[in-house]
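*Asks:*
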Amino acid sequence: MVRNFTKERLLPDQARGFINLARSSPRAGNTEGIRYSLLENKNIDIYWETTLGENEKESFPWPGLLNAPTLIIVWVNPNSYLQRYAEDDKKRTGLGADVKNWSTPYWWVDGGMAAMSILIAAESDNLGSLFFGIFSHEDALKEKYSIPEEYRAVGTIAIGHPAKNQRASKSTLRGRASLDELIF
Ligand SMILES: Cc1cc2nc3c(=O)[nH]c(=O)nc-3n(C[C@H](O)[C@H](O)[C@H](O)COP(=O)(O)O)c2cc1C
Numbered sequence: 119m120v121r122n123f124t125k126e127r128l129l130p131d132q133a134r135g136f137i138n139l140a141r142s143s144p145r146a147g148n149t150e151g152i153r154y155s156l157l158e159n160k161n162i163d164i165y166w167e168t169t170l171g172e173n174e175k176e177s178f179p180w181p182g183l184l185n186a187p188t189l190i191i192v193w194v195n196p197n198s199y200l201q202r203y204a205e206d207d208k209k210r211t212g213l214g215a216d217v218k219n220w221s222t223p224y225w226w227v228d229g230g231m232a233a234m235s236i237l238i239a240a241e242s243d244n245l246g247s248l249f250f251g252i253f254s255h256e257d258a259l260k261e262k263y264s265i266p267e268e269y270r271a272v273g274t275i276a277i278g279h280p281a282k283n284q285r286a287s288k289s290t291l292r293g294r295a296s297l298d299e300l301i302f
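Using the numbering used here, you'd call the opening residue of the sequence shown number 119 and step up by one each time.
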């Protein structure tokens, strides 16, 4: 993950291309329950104004993240999954009746798969990217970008050209377990 970007913009339609690749991500029941906000220019200003107050902006630990020229928010619609799993070929699962019936809510799984596709696509174009959380700002962002009520936010992906100096986050410094430790 890259948290310090230059202000250099992406090529025209480059970010649309990443979302186009994410259209091919696996999704449960081939449900069409994912949408994206593709934010550039003024919409990026609105994003940071909404999620960081003026005071918070000054003390924000990742100022180079605010340079990212492109942000993509991944949205999922649980109701699309309920409708899909109520169809004839899925009815026997009982998942169409209520979100509570889902031991693994596939909208979050699919949203993660779509987000990962975008991250890989950006890396493949030698760009840097960061997936980061929206936390308590979901409703405010929905209002600002006129997102329909039933959608839920998976998270935001910042994409841009990596700046020279990258500071590792505390999480990154934890390292990764070895392959042998990971396999039950
Ligand atoms: C679901 C999820 C949420 C994350 N949220 C944040 C976040 O809010 N802020 C952040 O700086 N990084 C966030 N990350 C990035 C992780 O910290 C990062 O992937 C992890 O530390 C491993 O580092 P690496 O991806 O650079 O190898 C998130 C990653 C995932 C998958």
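Beta carbons: idealized from backbone N, C-alpha and C, even for Gly.
These numbers come from a predicted model, not from an experiment.
How many Å lie between GLU172 and ILE162 at the Cα?
*Replies:* Taking the first residue of the sequence shown as 1, we reach residue 172 at position 54. Taking the first residue of the sequence shown as 1, we reach residue 162 at position 44. When rounded, the distance between both Cα atoms is 15 Å.
*Asks:* Per DSSP, what kind of secondary structure is TRP193 in: helix, strand or coil?
*Replies:* Taking the sequence shown and counting its residues from 1, one reaches residue 193 at position 75. DSSP places TRP193 in strand when its eight states are reduced to three.
*Asks:* May I ask whether a heavy atom of ligand 1 can be found less than 6 Å away from the beta carbon of GLY251?
*Replies:* Taking the first residue of the sequence shown as 1, we reach residue 251 at position 133. Yes, ligand 1 has a heavy atom inside 6 Å of this Cβ.
*Asks:* May I have the straight-line CA-CA distance separating SER296 from SER264, to the nearest angstrom?
*Replies:* Residue mapping note: residue 296 aligns to position 178 of the sequence shown, counting from 1. Residue mapping note: residue 264 aligns to position 146 of the sequence shown, counting from 1. Their Cα atoms are separated by approximately 44 Å.
*Asks:* Is it the case that the region 253–264 contacts the region 226–240, given that we only count it when at least three CB pairs across the two stretches are under 8 Å?
*Replies:* They do not touch, by the three-pair rule.
*Asks:* Measuring only the C-alpha atoms, how far is LYS175 from ILE252?
*Replies:* Position 57 of the sequence shown, counted from the first residue, corresponds to residue 175. Position 134 of the sequence shown, counted from the first residue, corresponds to residue 252. In a straight line, the C-alpha of LYS175 is about 15 Å away from that of ILE252.
*Asks:* By a C-beta neighbour count over all protein chains shown, 10 Å radius and 16 as the cutoff for buried, is GLY246 buried or exposed?
*Replies:* Within the sequence shown, numbered from 1, the residue matching residue 246 stands at position 128. With 16 or more other Cβ atoms within 10 Å, it is buried.
*Asks:* Which word fits PHE302, buried or exposed, when buried means at least 16 other C-beta atoms lie within 10 angstroms of its C-beta?
*Replies:* Here residue 302 refers to the residue found at position 184 when the sequence shown is read from its first residue. When all chains shown are included, PHE302 counts as exposed.
*Asks:* Using only the heavy atoms of ligand 1, determine whether one of them is closer than 6 Å to the beta carbon of THR290.
*Replies:* Sequence index remark: in the sequence shown, residue 290 carries index 172 (1-based). THR290 Cβ: within cutoff of ligand 1.
*Asks:* How would you call GLY147, buried or exposed, if buried means at least 16 neighbouring beta carbons within 10 angstroms?
*Replies:* The residue given as residue 147 occupies position 29 in the sequence shown. Buried, because 16 or more other Cβ atoms sit within 10 Å of the Cβ of GLY147.
*Asks:* My parser needs the beta strand (DSSP E) runs of 3 or more residues fully inside the region 135–166; what are they?
*Replies:* As far as the region 135–166 is concerned, its whole beta strand (DSSP E) runs of at least 3 residues are 152–157.
*Asks:* How about MET119: is its Cβ closer than 6 Å to a heavy atom in ligand 1?
*Replies:* In the sequence shown, residue 119 corresponds to position 1, counting from 1. Yes, the Cβ of MET119 comes within 6 Å of a heavy atom of ligand 1.
*Asks:* Whose C-alpha, out of ASN195, ASP298, ARG121 and ALA276, is nearest the C-alpha of LEU239?
*Replies:* In the sequence shown, the residue the question calls residue 239 occupies position 121. The sequence shown places Ala at residue 239, not Leu. Of the listed residues, the one whose Cα sits closest to ALA239 is ALA276.
*Asks:* Based on the DSSP secondary-structure assignment, which residues constitute the bridge partners of THR188?
*Replies:* Translated into the one-based positions of the sequence shown, residue 188 becomes position 70. Per DSSP, ILE277.
*Asks:* Cutting at 6 Å between CB atoms, please list the residues of its own chain near SER155, excluding the five before and the five after it.
*Replies:* Counted from its first residue, the sequence shown places residue 155 at position 37. Within the same chain, SER155 has close Cβ partners ILE191 and TYR263.
*Asks:* Which residues in the same chain as ARG121 place their Cβ atom closer than 6 Å to its Cβ, once the five residues preceding and following it in sequence are excluded?
*Replies:* As a first step, residue 121 is located in the sequence shown; it is residue number 3 there, counting from the start. Same-chain partners within the cutoff: TRP180, LEU183 and LEU248.
*Asks:* Is the region 198–207 close to the region 125–140, with three or more CB pairs under 8 Å?
*Replies:* Counting Cβ pairs under 8 Å, fewer than three are found: no touch.
*Asks:* What separation, rounded to the nearest whole angstrom, lies between the Cα atoms of LEU170 and THR211?
*Replies:* If you number the sequence shown from 1, residue 170 lands on position 52. If you number the sequence shown from 1, residue 211 lands on position 93. Roughly 42 Å between the two C-alpha positions.
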